[in-house]
Each structure stands twice: as structure tokens, then as C-alpha cells.
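Enquirer: Chains A and B, in that order, give the protein sequences. Everything in the first sequence is counted per this note's numbering, starting at 795 for the first residue and increasing by one. Everything in the second sequence is counted per this note's numbering, starting at 24 for the first residue and increasing by one.
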Amino acid sequence: MTLDVTATAVFVGLFLFITWLGFVAARWRKADLNLLHEWGLGGRRFGTVVTWFLLGGDLYTAYTFIAVPALVFGKGAVGFFAVPYTILIYPILYMIFPRLWEIARARGHVTAADFVRDRFDSRLLALAFALTGIVATMPYIALQLVGMEVVISALGFHFGGWTTHLPLIIAFIILAAFTYTSGLRAPALIAIVKDALIFVTVFAALVIIPAELGGYGKIFASVPKEKLILTPPSGESLGSYSAYATLALGSAFALFLYPHAMTGILSSSSGNVIRRNAAFLAAYSLILGLIALLGYMAIAAGVDKDPAYQTGFAEHGPNFAVPALFLASFPSWFVGVGFAAIAIGALVPAAIMSIACANLFTRNLYKEFFRPHCSEADEAQMAKIVSLVVKIGAVVFILAIPQSYAIQLQLLGGIWIIQLLPPILLGLYTRRFNSMALLMGWAVGTGVGTYMAATQSFTSSVYPLEVLGVTLPGYAALYSVVINFLVAFLVAPVFDWMRRTRASAAR
Amino acid sequence: MSKRSAKLLRYWPRLLFLIPFVAMLWVPSYNRVAPELAGIPFFYWYQLAWVLIGAAIAIAVYAIETRITHTARQVDLDPESGGTGDIL
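1) Using only the alpha-carbon positions, how far apart do Trp84 (chain B) and Pro885 (chain A) sit?
2) List, in chain order, every chain B residue whose beta-carbon is nearer than 7 Å to that of Phe1014 (chain A).
3) Residues bridged to Leu1266 (chain A) by DSSP?
4) Going along chain A, which residues have a C-beta under 8 Å from Val45 (chain B)?
5) What are the boundary residues of the alpha helix (DSSP H) that includes Arg893 (chain A)?
6) Can you confirm whether Val877 (chain A), when its beta carbon is compared against all beta carbons of chain B, has any partner nearer than 8 Å?
7) Counting pairs of beta carbons, one from the stretch 1121 to 1136 of chain A and one from the stretch 867 to 884 of chain A, are three or more of them closer than 8 Å?
8) Please report the distance separating the alpha-carbon of Ala970 (chain A) from that of Lys1185 (chain A).
9) Using three-state DSSP, classify Ser1031 (chain A) as helix, strand or coil.
10) Does the stretch 977 to 995 of chain A touch the stretch 809 to 817 of chain A, meaning 3 or more C-beta pairs lie closer than 8 Å?
11) Contact between the stretch 1169 to 1179 of chain A and the stretch 1147 to 1157 of chain A: three or more CB pairs below 8 Å?
12) Taking the continuous alpha helix (DSSP H) assigned at Glu943 (chain A), which residues delimit it?
13) Distance, Cα to Cα, Thr858 (chain A) vs Ser1079 (chain A)?
14) Have a look at Leu918 (chain A) and Ser1045 (chain A) and give me their C-alpha separation to the nearest angstrom.
15) Applying the criterion that 16 or more other CB atoms from any shown protein chain within 10 Å of the CB defines a buried residue, is Trp49 (chain B) buried or exposed?
16) Report the neighbours of Trp73 (chain B) on chain A: residues whose CB is nearer than 7 Å to its CB, in chain order.
17) May I ask you to list the residues that DSSP assigns as paired with Phe840 (chain A)?
18) Applying the criterion that 16 or more other CB atoms from any shown protein chain within 10 Å of the CB defines a buried residue, is Ser1123 (chain A) buried or exposed?
19) Can you pull the chain B neighbours of Met889 (chain A), defined as C-beta to C-beta under 8 Å?
20) At a cut-off of 7 Å, would you count Pro36 (chain B) as near the ligand PLP, judging by its Cβ distance to the nearest heavy atom?
21) Check whether chain A comes within 8 Å of Pro51 (chain B), counting only Cβ atoms and requiring the distance to be less than that.
22) Nearest to Ser1187 (chain A) by alpha carbon, out of A:Ile963, A:Leu1084 and A:Leu835?
23) Going by beta-carbon coordinates alone, are His1278 (chain A) and Gly1239 (chain A) separated by less than 8 Å?
24) To be precise: take each residue of the stretch 1056 to 1082 of chain A, compare its Cβ to all Cβ atoms of chain B, and keep it if any distance is under 7 Å. Which residues remain?
25) Ordered along the chain, which non-local residues of its own chain (more than five positions away) have a Cβ less than 7 Å from that of Met892 (chain A)?
26) Determine the direct distance from the alpha carbon of Asp912 (chain A) to that of Met1234 (chain A), and round the result to whole angstroms.
27) For the alpha helix (DSSP H) containing Tyr1078 (chain A), list its first residue and its last residue.
28) Quick one: which residues of the stretch 836 to 869 of chain A get their C-beta closer than 9 Å to a C-beta of chain B? List them in chain order.
29) Could you check whether the Cβ of Ala1042 (chain A) sits closer than 8 Å to any Cβ belonging to chain B?
30) Run the CB neighbour count on Gly106 (chain B), radius 10 Å, all protein chains shown included, and call it buried at 16 or more, exposed below.
31) Apart from the five residues on each side of it in sequence, which residues of its chain come closer than 6 Å, Cβ to Cβ, to Leu937 (chain A)?
32) Is DSSP giving Leu31 (chain B) helix, strand or coil here?
33) What residues of chain A sit near Ala78 (chain B), judged by a beta carbon separation below 7 Å?
34) Mapping DSSP to helix, strand and coil, what is Leu808 (chain A)?
35) How would you label Ala1231 (chain A), buried or exposed, when you count the other beta carbons within 10 angstroms and need 16 or more for buried?
36) In three-state DSSP terms, what is Ile967 (chain A)?
Have a look at this one:
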């Protein structure tokens, strides 16, 4: 493949524009960026519209835009679970997070770990939260790079050796620089451009590509019958039905527990902003569903059989389906727009994720355990430096370690992050639940979930649970968080009793 | 009516959120090809339609709850509503 000059020029031009925007953002809603809640939460002043862009840019990442259609392309109907998943996140957002926002604002919490530290007066639980958050987010940032790498290589950058990675490294240096100076304001502003590009690309794809391929009827007719719908259960197993439902439900509960989602939520200006977004964010779900269908369009267009894209598919597997489809269907300049949309779609969440990790590290590890009396300016400075370290880590991660590890770790990340659900849910309504019981629930849930993924050699998070002779294949995250809840509720009375006897013995 | 049950009653619209959960988790109800819509199998257009229904439910819950909060003066008014910084 040779370098596509027109597409690359458009791509680079758009990239320079958002770089400028990223630095200008520091002066947007001017405030003292040497305070952690200003740098890392935008001063909690984002209204409905900005929050909509920010959360949309945050949750629907480049990796989503590449991986969801890739899954549909490779595995068919199962990949469409992303749609029920995103339908279910909004009721959860509406019911749980406005209350969390109010408590966090009143008590000055910046992270979820701050929240449990304060609600249950437990440093250990906060430590578990901070570590889980950071460990689950790191591979997620690395996967954003995968999304970017796919489109950059699709532009035709193939010089061999380390120079192949040069565009990626430059992009990340830019990202690191504007995140450092502008904090959360940068991705919030860039998210607006990113979404405009994504919307234009998706609508163009939905109009142009089906017309080229002869309509939706023809597209679906070219999809193999066994991929078109889920395989109905047979015999003693609920098969793909329970897998589909639990993947949707488990992913929905896990999503807002991720540090970057929490950062997006806490940066809004009121609980009502969050409630309104629970309705309006559905626009992104619709876009995601339509993007998922691009996987079938790639099948119908036969891009995987086209010799021009052989190297791409050999290198990136099904992840190359959407870039190949764009190359095959769009004029060069519009390929540049579409690829820029995906690459900028990687920068926005990567920035928010690194800020979220930095907030966690600074608040809940550095300040909590090493420098309890550091000044607010020190705290913000530390967070800025950590955000750099996190991004360098992600680049090294993706260049040094096989991509499949990043994907497996991200899969484990979903299982680990959902274990934070019981303390968050209980913390909204009570402060009296025993924190040691919550910690034990977290430990057991994490252990069981990891074990379930290990039995699938970390290639699938669907675990075939057997209940009374019936096999229920389901999302390990959901199964393990149920165990987490059960353990917490069962051991809480024991810990309470121990505490009471100790108190009376001391008297 | 006690203060607590009055407060709980204020949240009745949230029961509507059960609907998308039932619809989406009941996979066998939509795992089929027919009827197609403009060439798109039922499995796909049905779930895409639920994105819109889900959004409509969220808007309805928000609208009803806001109305309840604004009319029921004895229940504490949402202190944050009506701020100018709320929209942008």
C-alpha cells in the first residue's frame, strides 16, 4: 500500500486544528488550573450540552468504532449486544449518578475512591478502588492507540522498522502536551469537533455505501445465515441467549464505574444535567448501532477478499474491516475526514482516561499515603505529571507488548471494575455498612471473576455457569459481582458482631 | 402520609425504567429475521427502535419528576434547578 497523499493531508490538517484547540482550551472558562478540581474536573461547571459531548466522546471511543463493527464483521449478531448494552446504561445513569454527584460535590470528592473513603471511613477500601480503577483503565488507554494505529497504517504509512510508529508517537506527544496544560477542558472542547466529524462520516457511510452495494436487502443477504441472528439454545444450555443478555447487562453496570466515566459525570454542573443526558445520550447509541452495521457492509463489499487490503487484514485482523470499507467506498479526501474522526475519537477518551488515572493516583495514593499535608497546588502539579506518565506507559505498553495482551487485559478490566458496584450502590444510601465486609466482597468477586476468565484462557469473558444441570453461559463480570454482593451481605453481620464484642471488651 | 413515603412516591416514574430492561434482556422475543424493514432483519431494526423508545422513556421520567418536584411545595425544592449554567 502506498501513502494516500490527499487523505493524509486532510487527516493532518484536522489534527493540527484540534491541537490548536487543545491549547486554547486552557483559556476557556478561565480559572486557576493549579487546583485539582479545576484541572481534573473542569471546575464542575459543564452544562447539559458540554457534558453531552464530553460523555459521548468519553464513552464511545475509537476502539468502540473499530472493534464493534469488527466483532459484527467476524462473529455476526453477537456483536450487536453493544446496542442493548447502551440502551440499558441510561436508566442506570439516571437513577444512580445524580445522587452520587450531589454527595461528591457537597463533600469535595474528585474520584470514586474519595467517595468510598468518606462514606465508609475506610482507607483500605479506597486503596482497592484506586488500584482497580488505574489497572482497569491502563489497557483501555492502550486500546485507543490500537484504534489509531489501524487508521494510520490504513493511510499507507509503511516504512518498516520503528518509523512506522512515529505518527502514533507524535500524536501522543501532542495529546500529552495539551492535557498537561489544559486538563479536562481540552478533551471537552475537542469532543465537539470529534463528534461533528463522526456524525458526518457515519451519515455519509449510511447513504453512500448501501447505495453502492445495492441497498440494505442486498447487504444482509450477503451475510451468512448463521451469523444473521443468534443461535437458538439447544439441549441443556441457554447458549447465546444468556450470553447476549448478561453481556449487555454486565457491561451496562460496569461502564459508569470506570474512572473516566466518573470524571465525566462529576464535571457536570448539576444532577439535572446528568438526568437530561440520560435521555439525550441515546443519540450516540443510535450512531453506535449504525456503525455496528458497517461490519455487514464490509462483508457485502467483500473487502477482506480484495488483494489491496490483504496486508491490512493480515496485520490488524477484523479491526481492519471499517478502514478498508472506507478506503473502498469513499473518495480520498473523505477517507481523510473519516480516519481523522476515528483518530481524534481516540485522543478524547485517552485524555480523559489519563486525567482520571492521574486524579486517582494523586488523591488516593500520593496524598493519602505519602504526602497527606501537600498543598492544593502540589496536588494539581502531581496529577499533571502523572497524566504524562500514564500516557507514556500506554505507548510503551502497545509498542512493546503483543496487542492481544492489551485486549485480554481490557476484557479483565471490565470484570475488575464492576466489583466496585456494591460499595458505590450501598454508599449512596447508607454509611453504616461494614467496610471490611465490602472489602471482602470486592476481593472474592475479583478473584472469582479472574478465575472465570482464566478458565477461558483469557480469550472470552463468557463463562459457562452450570446450575442444576443447565448450562448458563454468561458474562463473568455479572456472575462475579453477584458473588461479591452475596459475600458482602453474608459477612457483614459477622464483622459487626466482632466489632461490638471488641468494643464491649474494651469497656 | 409520612414524609418518607411522600418522598418515595415522588420517584414512582422511575418504575418506567423497568420496561427497557425487560424488553432488552428477553432475547428470544427479538431473535428472528422476519418481519424485515427496508431489507433490515427484525433483530436489528427492533433493537435500534428501542434506542429511541429508551430515550423517550428517559425524557418522560425526567418531565414527570420535574413536574412533581415543582408542584409539591411541601417537599424540598431541588436547589440546583433553574440555574443559568445548567444548559451550556
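All C-beta atoms, glycine included, are put in the ideal place defined by N, C-alpha and C. Since the structure is predicted, the reported quantities are computational estimates derived from the model, not experimental observations.
Expert: So, from the listed chains and residues:
1) The question names Trp, yet the displayed sequence has Val at residue 84 (chain B). Spanning the two alpha carbons is a distance of roughly 10 Å.
2) Gly62, Ile63 and Pro64
3) A:Leu1259
4) Within 8 Å Cβ-Cβ: nothing; Val45 (chain B) doesn't reach chain A, min ~11 Å.
5) Ala876 to Arg901
6) yes
7) no
8) 7 Å
9) strand
10) yes
11) yes
12) Arg917 to Ala948
13) 11 Å
14) 26 Å
15) exposed
16) Ile881
17) A:Ser1062
18) buried
19) Arg37 and Phe40
20) Absent from the structure shown: the ligand PLP. Ligands present: none.
21) yes
22) According to the sequence shown, residue 1187 (chain A) is Gly rather than Ser. Out of A:Ile963, A:Leu1084 and A:Leu835, A:Ile963 has the C-alpha closest to the C-alpha of Gly1187 (chain A).
23) The displayed chain sequence assigns Asn, not His, to residue 1278 (chain A). Their beta carbons are under 8 Å apart, which means Asn1278 (chain A) touches Gly1239 (chain A) by this criterion.
24) Ser1063, Ser1064, Gly1065, Asn1066, Val1067, Arg1069, Arg1070, Ala1072, Ala1073, Ala1076, Ser1079 and Leu1080
25) The question names Met, but residue 892 (chain A) is Pro in the sequence shown. So the qualifying residues of the chain are Gly1065, Ile1068 and Arg1069.
26) 18 Å
27) Ala1076 to Ala1095
28) Arg839, Phe840, Gly841, Thr842, Val843 and Val844
29) yes
30) Residue placement at Gly106 (chain B) is flagged as unreliable, the pLDDT there being 42, under the threshold of 50; a coordinate-derived value is accordingly withheld.
31) Tyr857, Ala1200 and Gln1204
32) helix
33) Ala1073 and Ala1076
34) helix
35) buried
36) helix
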